[in-house]
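**Q** Here this note's numbering is used: position 53 in the sequence shown is 383, and no number is missing along the way.
Below you'll find the structure I mean.
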Amino acid sequence: MKSLKKIIFPALLGATLALGACTQDSPVTNPPVNKEPVEIERGTFAKGADVSWVTQLEVAGYTFQNQAGTAKELMTLLRDDCGVNSIRLRVWVNPELDPEVEGWCDIDDVLLKARRANELGLRLMIDFHFSDTWADPGKQYIPAKWAEMSLAEVKEAMADHVSAMLTLLDRYGIEPEWVQIGNETRTGMMWPLGEIDNGTNFTELLNAGYDAVKAIFPDASVIVHVDCGDQLGLYDRVFGKLKAEGGKYDMIGMSLYPEPDSWQQTVDACVANVATLQATYGKPVMLCEIGLAYDSPEAAEAMMSAMMTKGKAAGLQGIFWWEPEAPIDRGYLKGCFDEYGAPTSALNPFIND
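Have a look at this one:
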């Protein structure tokens, strides 16, 4: 396999890091207040990408280019060459405590990426994992510093964490259009305290996060996110619980990772669920994560085209490809860039929309 080209836009990278770096030896400076907001078109179908890895990849030497071979900063490339209008960024609590993630995706790192997105006129989704590392159905590890806290204390800590991130964005004039409270939370969050079957704890934690978001950005849509968008029962379990217990949220978020040889059935099941969930719970639905094998670009393009056409007809609010730029030598195989750091045809439906 050919190796990716190395630093080909050092001037941009150096300028970016000077603003406030994501590495431990380059602290972010205090942001100015009352910055004039960038005019951003909101409310249309979200054609998005989660690019939370980007600063870590840049520091490691990875670069990106369009199909013509022109080097570009990643978010600019996604906007100008791939039709992307929205960016999703994950936030970990104290990632410096977890050697697996090496301190990335903390509040300072997210601020840096959010500034870049905002200055390009891209809409923003903030994805709070409420963990020091990856949170998904198989692992929802409570942040280490919160592990011995009571429910009331954790609710206060998570509200402070949300407020810290969003207040920093607000001081830059950056307004997220969507905020996730938890990531793929069908088994709950912050185990064992917030496990889905541990009384009403999950709902109480969600509501604490919801209130913290609305205190700063009352117009932001708060998302509860569940994986396996083609499996309705998982959603009824979570959202039925929230309905019974007074859970507060504005939007249902999904993940969907079809296979190249069966994506049609997966997409059809997901689209049917979009319509059913809206009718049952009265909330709009966003596809917050999607991906398909990087080496099946034709299947990926067909899948995305079908998902957009059928999803829009069912009321879907948007689609975010999860880490399209992820290099295959990092072990993630459902991005949609090739080994040279150029996008495949998988995102063409965004351009053609």
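Using N, Cα and C, we set each Cβ at its ideal position, and we do this for glycine too.
Please read all numbers here as calculations on a predicted model, not as lab measurements.
Return the chain-ordered ranges of every alpha helix (DSSP H) run that is complete within the segment 382–414 and spans a minimum of 4 residues.
**A** Counting only runs of 4 or more, we get 384–389 and 404–412.
**Q** Taking the continuous beta strand (DSSP E) assigned at M584, which residues delimit it?
**A** Locating residue 584 in the sequence shown gives position 254, counting from the first residue. Run containing M584: M581 to L586, per the beta strand (DSSP E) assignment.
**Q** State the CB to CB distance for the pair P673 and C435, rounded to an integer number of angstroms; the pair is presumed to be in contact (CB under 8 Å).
**A** Here the question's residue 673 lines up with position 343 in the sequence shown. Here the question's residue 435 lines up with position 105 in the sequence shown. Contact doesn't hold; Cβ gap of about 23 Å is too wide.
**Q** So, are the CB atoms of R644 and V601 less than 7 Å apart?
**A** Walking along the sequence shown from the start, residue 644 turns up at place 314. Walking along the sequence shown from the start, residue 601 turns up at place 271. With the sequence shown as reference, residue 644 is identified as Ala, and Arg is not the correct amino acid for it. Their beta carbons are under 7 Å apart, which means A644 touches V601 by this criterion.
**Q** For D500, tell me which candidate among N424, D549, Q647 and I526 has the shortest Cα-Cα distance.
**A** On the sequence shown, residue 500 is found 170 positions in, with the first residue counted as 1. Closest option to D500, Cα to Cα, is D549.
**Q** For F569, count neighbouring Cβ atoms within 10 angstroms of its own Cβ and tell me buried if that reaches 16, exposed if not.
**A** Taking the sequence shown and counting its residues from 1, the one referred to as residue 569 is at position 239. Buried, by the Cβ-count rule.
**Q** Quick one: using the 10 Å Cβ neighbour count with 16 as the cut-off for buried, is N537 buried or exposed?
**A** Position 207 of the sequence shown, counting from 1, holds the residue named residue 537. So N537 counts as buried.
**Q** Which residue comes first and which comes last in the beta strand (DSSP E) that contains V568?
**A** As a first step, residue 568 must be located in the sequence shown, where it is residue number 238. First-last for V568: L562 to E575, but that is the alpha helix (DSSP H), not the beta strand (DSSP E).
**Q** Do the CB positions of I526 and T533 come within less than 7 Å of each other?
**A** In the sequence shown, counting from the first residue as 1, residue 526 sits at position 196. In the sequence shown, counting from the first residue as 1, residue 533 sits at position 203. Not closer than 7 Å, so no.
**Q** In angstroms, rounded to a whole number, what distance separates the CA positions of G502 and E628?
**A** For the purposes of this step, residue 502 is taken as residue 172 along the sequence shown, with counting starting at 1. For the purposes of this step, residue 628 is taken as residue 298 along the sequence shown, with counting starting at 1. The question names Gly, yet the displayed sequence has Tyr at residue 502. Going by the C-alpha atoms only, they are around 40 Å apart.
**Q** What three-state label does DSSP hand D462 in the structure shown?
**A** Stepping through the sequence shown from its first residue, residue 462 is reached at position 132. In this structure, D462 counts as coil in the three-state DSSP scheme.
**Q** In its own chain, which residues sit with a C-beta less than 7 Å from the C-beta of A494, not counting the 5 before and 5 after it?
**A** The residue given as residue 494 occupies position 164 in the sequence shown. I437.
**Q** Could you round the C-beta distance between L496 and I546 to whole angstroms and report it? I think they count as a contact, below 8 Å.
**A** As a position in the sequence shown, residue 496 is number 166, starting the count at 1. As a position in the sequence shown, residue 546 is number 216, starting the count at 1. Going by Cβ atoms, the distance from L496 to I546 rounds to 4 Å, so yes, they are a contact pair.
**Q** Could you tell me which residues DSSP pairs with F650 in its beta bridges?
**A** In the sequence shown, residue 650 corresponds to position 320, counting from 1. DSSP output for F650 lists G378 as bridge partner(s).
**Q** Between which residues of its own chain and K642 is the CB-CB distance below 7 Å, once the five residues before and five after are set aside?
**A** Walking along the sequence shown from the start, residue 642 turns up at place 312. If we look at K642 and ignore the five residues flanking it on each side, its Cβ neighbours are F375.
**Q** Whole angstroms is fine: what's the gap from L427's alpha carbon to I472's?
**A** The residue labelled residue 427 in the question sits at position 97 within the sequence shown. The residue labelled residue 472 in the question sits at position 142 within the sequence shown. One C-alpha to the other measures close to 12 Å.
**Q** Put Y670 into one of helix, strand or coil per three-state DSSP.
**A** Working through the sequence shown from its first residue, we reach residue 670 at position 340. Y670: coil per DSSP, three-state reduction.
**Q** Taking all protein chains shown into account, decide if E371 is buried (16 or more other Cβ within 10 angstroms of its Cβ) or exposed.
**A** Along the sequence shown, read from residue 1 onward, the residue named residue 371 stands at position 41. Classification for E371: exposed.
**Q** Kindly give me the distance between the Cβ atoms of K573 and A623, rounded to whole angstroms, as I take these residues to be in contact under 8 Å.
**A** As a working mapping, residue 573 is identified with position 243 in the sequence shown. As a working mapping, residue 623 is identified with position 293 in the sequence shown. Contact flag wrong, Cβ pair sits at about 36 Å.
**Q** Grouping DSSP H, G and I as helix and E and B as strand, with all else coil, what is G518?
**A** Residue 518 sits at position 188 when you count from the first residue of the sequence shown. Reduced to three states, the DSSP call for G518 is strand.
**Q** Would DSSP call Y624 helix, strand or coil?
**A** Here residue 624 corresponds to residue number 294 of the sequence shown, with the count starting at 1. Coil, per DSSP.
**Q** Which residue comes first and which comes last in the alpha helix (DSSP H) that contains R445?
**A** As a first step, residue 445 is located in the sequence shown; it is residue number 115 there, counting from the start. Its alpha helix (DSSP H) spans residues I437 to E449.
**Q** Quick one: residues in its chain with C-beta nearer than 6 Å to the C-beta of A636, no 5 flanking neighbours on either side, listed in chain order?
**A** Counting from 1 along the sequence shown, the entry for residue 636 is found at position 306. So the list reads V597, once near-sequence residues are dropped.
**Q** Roughly how many angstroms separate the alpha carbons of E388 and L408, rounded to a whole number?
**A** Sequence index remark: in the sequence shown, residue 388 carries index 58 (1-based). Sequence index remark: in the sequence shown, residue 408 carries index 78 (1-based). Going from the Cα of E388 to the Cα of L408 covers about 15 Å.
**Q** Kindly indicate which three-state DSSP category Y502 falls into: helix, strand or coil?
**A** Walking along the sequence shown from the start, residue 502 turns up at place 172. Reduced to three states, the DSSP call for Y502 is coil.
**Q** In angstroms with no decimal places, state the Cα-to-Cα distance between N531 and V492.
**A** Taking the first residue of the sequence shown as position 1, residue 531 is located at position 201. Taking the first residue of the sequence shown as position 1, residue 492 is located at position 162. When rounded, the distance between both Cα atoms is 18 Å.
**Q** Taking the straight line between their C-alpha atoms, what separation do you get for N396 and A390?
**A** Counting from one through the sequence shown, the residue named residue 396 turns up at place 66. Counting from one through the sequence shown, the residue named residue 390 turns up at place 60. So the two alpha carbons sit approximately 20 Å from each other.
**Q** Here's the rule I'm using: 16 or more other beta-carbon atoms within 10 Å means buried, otherwise exposed. How should F460 be labelled?
**A** Here residue 460 refers to the residue found at position 130 when the sequence shown is read from its first residue. F460 should be labelled buried.
**Q** Look at the alpha carbon of P614 and the alpha carbon of I582, and state the distance between them as a whole number of angstroms.
**A** Taking the sequence shown and counting its residues from 1, the one referred to as residue 614 is at position 284. Taking the sequence shown and counting its residues from 1, the one referred to as residue 582 is at position 252. The straight-line gap from Cα to Cα measures roughly 6 Å.
**Q** Taking the alpha-carbon positions, what's the M638 to K377 distance?
**A** Residue numbering aside, residue 638 sits at position 308 when the sequence shown is read from its first letter. Residue numbering aside, residue 377 sits at position 47 when the sequence shown is read from its first letter. Computed Cα separation, rounded: 9 Å.
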